[in-house]
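Here the structure is laid out as structure tokens; the discussion comes afterwards.
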Amino acid sequence: MENKNEIMFRSKVFIEYPNVIKRGAVKNIGSVLKRWVSPQRNLVVLSDNKVASIYSASVLKSLEQNGWNDTKFVEFPSGELSKSVDGFNHIINEFITKKIHRHCIIINLGGGVTCDLGGYVAASYMRGLDYINVPTTLMGLVDAGVGGKVAINHHVGKNLIGSFYHPLAVLIDADVLATLPEVQLRNGMAEALKVSLISSLELFEYIEKEALGLIDPAKIEDKIDRVIFDSVRIKVNYLIPDPYEKNLVRKLNFGHTFAHPLETACGFNLPHGSAVAIGMAIATRVAMAREFISGTEALRILNVISSLGLPTELPHLNPEEIWDKHTYVIRSVRGNNIHFVLPTSIGSVRIINDLKKNEFLKAYLDIKYTNTINHKHPSVSSNLQLG
Ligand SMILES: NC(=O)c1ccc[n+]([C@@H]2O[C@H](COP(=O)([O-])OP(=O)(O)OC[C@H]3O[C@@H](n4cnc5c(N)ncnc54)[C@H](O)[C@@H]3O)[C@@H](O)[C@H]2O)c1
Ligand SMILES: [Zn+2]
């Protein structure tokens, strides 16, 4: 019997698009795009000012050579602070001034900030425009460019305003790393390490062995392709069955439960990769205290975080304040419980939903204590040792 007050709309989830992993794709963007996009569709390229200064001329030239003669360009100041309501407004105003219409395609050419912000603009402006991600940081290549999670920050919470809105395509070109500063390589490696820890011992062992080369601009060229390919493959495999993240306790959130509160507490001045590294270190400590993971494996995880030049704690932050003031968003998303992804061995994790404040505080303070000992006795080891 049909209910008179209800008309059901049912649509099969049909999402399909390529994540193209191809060296040279940015330099030859026009010929690569031609595979899916007709030159009849107008394009608007969105970049932060740093990326624009390096890549805009060559990208616009390649587009022009392939038939896109009227491509618009919109720029915003580089940095996480642009991933905000003000940053969003700035771009919307530019779009209106430049007469961007519904049939334009947005090309997000930049790091994770550009992909998240441009993706959210794509989801909202005129009720939705098509977009293509062209990540230019390691963070973007291995993670942020992939998966259709788009968002901006609010001062009370990281990624508080956002959507799940998938792109037409993602172009993943490791050639962009040639211009990327070392600090950004470290940041990106935090996310690659994350995916290895949730599902691939092989990838973890590769990162462990090659850690120094993977954060060295002079050596990364020969070593990074495997990391990018495996990270994207693993992420896509998680997303295919759950493209709108209905399963809210996804393993991909490993390290992020406290990364986001830490970033919020730092006024978005803490690089996302550093926050994720600290988040993974806290999770590893909690897992060890609960005897989910052996001390040896926990030590290996914490050592690789340090070998990648990433932090495991922030000396100036008060963990009690983090828990009391900045877990609002993660609680709201998860129905007041904090779901927490813990490693059980390298390459596998389990999820708990009963994390206690004192467990968090103990994990945070234990890491701080260990780091202090190592700082006082740097000759013992430059890496972490478990106390
Ligand atoms: N949506 C997702 O699934 C997802 C996943 C991971 C991270 N993120 C988000 O990504 C953001 C962080 O991304 P990010 O670390 O790429 O930051 P970012 O986009 O700010 O880039 C970092 C810096 O590198 C510069 N830069 C970018 N490409 C360059 C290049 N090729 N050469 C020289 N300089 C270059 C930028 O101008 C910027 O100053 C965070 O907001 C995080 O929340 C989203
Ligand atoms: Zn992340």
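Numbering-wise (the numbering used here), the sequence shown opens with residue 1 and increments by one. The beta-carbon is built from N, C-alpha and C at its ideal position, and this holds for glycine as well. Only a predicted model underlies this, so the values are computations on that prediction, with no experimental measurement involved.
Query                                                                                                                                                                            : Result
How long is the line joining the alpha carbons of residue 33 and residue 19, rounded to whole angstroms?                                                                         : 12 Å
Could you tell me which residues DSSP pairs with residue 151 in its beta bridges?                                                                                                : 162
With three or more C-beta pairs closer than 8 Å as the rule, is the stretch 286–296 touching the stretch 198–215?                                                                : no
Drop a sphere of 10 angstroms on the beta-carbon of residue 277, count the other beta-carbons inside from all chains shown, and report buried for 16 or more, exposed for fewer. : buried
Residue 26 by DSSP, collapsed to three states: which one?                                                                                                                        : coil
If you drop the 5 nearest sequence neighbours on each side, which residues of the same chain put their C-beta closer than 8 Å to that of residue 220?                            : 177, 185, 213 and 214
Taking residue 359 as the reference, which of 325, 291, 305 and 306 has the closest Cα?                                                                                          : 291
Based on the DSSP secondary-structure assignment, which residues constitute the bridge partners of residue 72?                                                                   : 44
Return the Cβ separation of residue 48 and residue 88 in integer angstroms, given the expectation that the two are a contact with Cβ distance under 8 Å.                         : Wrong, their Cβ atoms sit about 14 Å apart, outside the cutoff.
Assign residue 55 to one of three DSSP states: helix, strand, or coil.                                                                                                           : helix
How should residue 318 be labelled, buried or exposed, when 16 other C-beta atoms within 10 angstroms of its C-beta is the threshold for buried?                                 : exposed
With DSSP as the reference, please indicate the residues paired to residue 343 in a beta bridge.                                                                                 : 349
Within 7 Å: the Cβ of residue 390 and any heavy atom of ligand 1?                                                                                                                : What is shown of the chain runs 1 to 387, which leaves residue 390 out entirely.
Bridge partners of residue 19, per DSSP?                                                                                                                                         : 170
Could you check which residue in 38, 242, 206 and 266 has the C-alpha nearest to that of residue 13?                                                                             : 242
By the DSSP assignment, the beta strand (DSSP E) with residue 131 in it spans what residues?                                                                                     : 130–135
Suppose you measure from the CA of residue 149 to the CA of residue 10; what does that come to, to the nearest Å?                                                                : 23 Å
Shorter than 7 Å, the distance from the beta carbon of residue 143 to the closest heavy atom of ligand 2, or not?                                                                : yes
According to the Cβ coordinates, are residue 174 and residue 225 closer than 8 Å?                                                                                                : yes
How would you label residue 397, buried or exposed, when you count the other beta carbons within 10 angstroms and need 16 or more for buried?                                    : This structure gives no information on residue 397, because the portion of the chain shown stretches from 1 to 387.
With a CB to CB cut of under 6 Å and the five nearest residues on each side skipped, what residues in its chain are close to residue 231?                                        : 142, 192 and 195
Can you tell me whether residue 306 is buried or exposed? The criterion is at least 16 other CB atoms within 10 Å of its CB, across all chains shown.                            : buried
Do residue 163 and residue 125 have their C-beta atoms closer together than 8 Å?                                                                                                 : no
With a threshold of 7 Å on Cβ separation, who are the neighbours of residue 36 within its own chain once the five nearest residues in sequence on each side are excluded?        : 168 and 169
Sorted by chain position, which residues of the same chain lie with C-beta nearer than 7 Å to residue 118's C-beta, five sequence neighbours on each side aside?                 : 46, 106, 108 and 131
Please name the residue in 311, 260 and 60 whose C-alpha comes closest to that of residue 328.                                                                                   : 260
Using DSSP with H/G/I as helix, E/B as strand and the rest coil, what is residue 109?                                                                                            : strand
Using only CA atoms, which one of 179, 165, 197 and 263 lies nearest to residue 388?                                                                                             : This structure leaves residue 388 out entirely; the chain is present only between 1 and 387.
Helix, strand or coil: which one does DSSP assign to residue 157?                                                                                                                : strand
Which word fits residue 156, buried or exposed, when buried means at least 16 other C-beta atoms lie within 10 angstroms of its C-beta?                                          : exposed
Rounded to whole angstroms, what's the CA-CA distance from residue 17 to residue 140? Just pull it up for me.                                                                    : 17 Å
For the candidate residues 368, 136, 154 and 137, whose alpha-carbon lies nearest to that of residue 83?                                                                         : 154
Using only alpha-carbon positions, find the residue among 28, 81 and 56 that is nearest to residue 268.                                                                          : 81
Is residue 184 near ligand 1, in the sense that its beta carbon is under 7 Å from a heavy atom of that ligand?                                                                   : yes
Within 10 angstroms of the Cβ of residue 354, are there 16 or more other Cβ atoms? Answer buried if so, exposed if not.                                                          : exposed
Taking residue 350 as the reference, give the member of 97, 23, 113 and 255 with the closest Cα.                                                                                 : 255
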